[in-house]
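A quick write-up on the structure given underneath.
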Amino acid sequence: LREKGQFISVHEIYAAAGAKIAAPNLDEAIAGMQFESAEKKEKIEEIKKRLQEEIKEIIISTENEGIILKSDSVGALEALIELLKGTNTPIRKANISDVNKTDVVEAKQMKEKNPTLSVILAFNVKIPKDVESFALENGVTILSADIIYKLVENYQRWKYQIIEDLRKKELESITTPSKFRILPGYIFRQNNPAIFGVDILAGKIKTGQTFIKVNNENVGKIKEIQKDKNAISEAVEGDSVAVAMPDINIGRNVREGDILYSEMNEEDYRKIRDGLKKYLSTKEIETMKEILEIKRKQNPLWGL
15 LREKGQFISV HEIYAAAGAK IAAPNLDEAI AGMQFESAEK KEKIEEIKKR LQEEIKEIII
75 STENEGIILK SDSVGALEAL IELLKGTNTP IRKANISDVN KTDVVEAKQM KEKNPTLSVI
135 LAFNVKIPKD VESFALENGV TILSADIIYK LVENYQRWKY QIIEDLRKKE LESITTPSKF
195 RILPGYIFRQ NNPAIFGVDI LAGKIKTGQT FIKVNNENVG KIKEIQKDKN AISEAVEGDS
255 VAVAMPDINI GRNVREGDIL YSEMNEEDYR KIRDGLKKYL STKEIETMKE ILEIKRKQNP
315 LWGL
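Just so we're on the same page, our numbering is the position in the sequence shown counted from 1, plus 14.
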């Protein structure tokens, strides 16, 4: 039918033959729906009602959380829905049309509730340039493809990356395991505040971070970190830096050569243990075990 050719007008047609139909209001026809004929008005109403019920079972529109599906035909939409159900993906809206700005607004509403659902899957439909720009401005992702299973695979990959990014961001907001050694011979000031050189043995240290001794004694926070005479906000494993700590008195509550550990609370420890551990280095994992041992000497149930 896509090739140009001569067509003959006929009054009736039988299976299985290709045909072109000329009729009013064809722009309202839905691709993929079955075609039926009727000779009586009552029959038309009966068919109309039945087809509307069939469409309702496929077209989804809810206020619930979920992604948005757009397709060019009923059959493709059904296939998409079935594949996504198999991955336990909730669907907020699914219909047959090009992507529009309303879709973008609805997808944006999901961003704060569940960022992995703030997406539009578009199968074989148009994405107007203004809609594409609108989505970009609002931080909404539109994934498109002309092969159904590829579209679902693209969504799964995108979702995985979103989850990875969220976990890494969460890791930045909590206290992670770290430790440093006070360098002998690099005590620049003994107290008020104590200023001394350290080697970062594991993890990352930051200004404002609290540290403990091997006996779990709290020795206060880092006020300042300097590297090559420049103030920095953090230092990482392998760095040698100078730190200022107001609550330390070198020679009294700490000594040269002592190793200090980041003060972790139980909530942060459990978050890392249960879902973020894979983002830590080998030395950070070892340090977390050491911190656990320190804590459980005083509280055997710590971190459970």
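Note that beta-carbon positions come from the ideal geometry of N, C-alpha and C, so glycine has one too.
Between the beta-carbon of V113 and that of I81 there is about 13 Å, and that puts the pair past the 8 Å contact cut. Each of K164, S276, K183 and E238 was checked against the Cα of G217, and the nearest Cα belongs to S276. Exclusion of the five residues before and after N244 leaves no residue of its chain whose Cβ lies closer than 7 Å to its Cβ. Using a Cβ distance threshold of 8 Å, D86 and N168 do not count as a contacting pair. Counted as a single uninterrupted DSSP element, the stretch harbouring G89 is not any beta strand (DSSP E) but the alpha helix (DSSP H) occupying residues V88 to K99. Contact between the stretch 188 to 205 and the stretch 253 to 273 is present: 3 or more CB-CB pairs across the two stretches fall below 8 Å. Under DSSP, D213 shares a beta bridge with R195 and S254. Looking from the CA of N232, the closest CA among Q223, W172 and K297 belongs to Q223.
In the structure shown, I110 adopts extended strand secondary structure according to DSSP, grouped into three states. Annotation for A121: no beta strand (DSSP E) segment contains it, though the alpha helix (DSSP H) segment containing it runs K115 to K127. Within the same chain, I82 and I134 come within 6 Å of D117 by CB-CB distance, once the 5 residues on both sides are set aside. Taking C-beta atoms as the reference points, L290 and E178 fail to come closer than 8 Å. Here A36 is exposed. Its C-beta has fewer than 16 other C-beta atoms within 10 Å. Contact between A108 and L91 holds, with the beta-carbon distance rounding to 6 Å and staying under 8 Å. Note on geometry: alpha-carbon atoms of N313 and I305 lie some 12 Å from one another. In this structure, the straight-line span from the alpha carbon of A256 to that of I239 is close to 6 Å.
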